[in-house]
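I have placed the structure first, in the form of structure tokens, so that the comments after it can refer back to it.
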Amino acid sequence: MVQTDISQLSKECNQWRESLHSLRDEFNKLKHELQNVANKALSKDQLTGLEHYQNQLHIQLINIHDLKQAVKSHDKKVQFEVSENQGNITDDTYAEHEHLYDEYHSLQNMLDELRTDFYQYVRSIATANYN
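Here this note's numbering is used: the first residue of the sequence shown is 14, the next is one more, and so on.
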């Protein structure tokens, strides 16, 4: 195992955590924006959409938090193994890193889709209230 590989794992963990922190901030802003939408006169269908996005934003904020904590824990495990095993980590830790990589990208894709759908919903409310 080469030291640069291990430092790359830690670097990736830090990048993921920073990105997840930014996503948390962004999705909290979307939640606030949704609260502004809730203050408008809405049809039954629009209220159904509002409830859907409230639930989705809440769920995804939990997912962001959980993944951020898992990455933080994994990074600590990597650091511990490096210090205890002459700079080496186990195959299981590598596998966990790959799993977190997949989870991170899957969550990013899901959040991208939610963001797009959310803004379409908000635009539809603005258009309906404008007409």
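All C-beta atoms, glycine included, are put in the ideal place defined by N, C-alpha and C. Values in this document were obtained by computation on a predicted structure and should not be read as measured data.
Should residue i and residue j be called a contact, given that it needs their Cβ atoms to be closer than 8 Å?
i, j, result
"LEU80", "LEU127", "no"
"LEU63", "ALA54", "no"
"PHE40", "ILE75", "no"
"LEU60", "LEU124", "no"
Output needed for residue i: all residues of its chain with C-beta closer than 8 Å, excluding positions within five of it in sequence on either side, in chain order.
i, result
"SER23", "ASP88, VAL91, GLN92"
"SER56", "ALA141"
Should residue i be labelled buried (16 or more other beta-carbon atoms within 10 Å of its own) or exposed?
i, result
"VAL73", "For the sequence presented, residue 73 should be read as Gln rather than Val. Its Cβ being crowded by 16 or more others within 10 Å, GLN73 is buried."
"THR106", "buried"
How close, in whole Å, do the beta carbons of residue i and residue j come, if the pair is a contact with beta carbons under 8 Å?
i, j, result
"LYS42", "LEU70", "Wrong, their Cβ atoms sit about 10 Å apart, outside the cutoff."
"ILE102", "ILE19", "6 Å"
Kindly list the residues whose CB is nearer than 7 Å to the CB of residue i, restricted to its own chain and excluding five residues on each side of it in sequence; keep chain order.
i, result
"TYR117", "TRP29, LEU80"
"PHE131", "LEU43, TYR66"
"GLN82", "none"
"HIS96", "Per the sequence shown, the amino acid found at residue 96 is Ser instead of His. If we look at SER96 and ignore the five residues flanking it on each side, it has no Cβ neighbours."
"GLN121", "none"
By Cβ distance below 6 Å, which residues in the same chain neighbour residue i in space, the five residues on each side in sequence not counted?
i, result
"ARG136", "none"
Quick check on residue i - is its C-beta less than 8 Å from some C-beta in chain C?
i, result
"SER96", "The chain inventory of the structure shown lacks chain C, comprising one protein chain alone."
Is it true that the segment 81-89 meets the segment 97-115, where meeting means three or more beta-carbon pairs spaced less than 8 Å apart? yes
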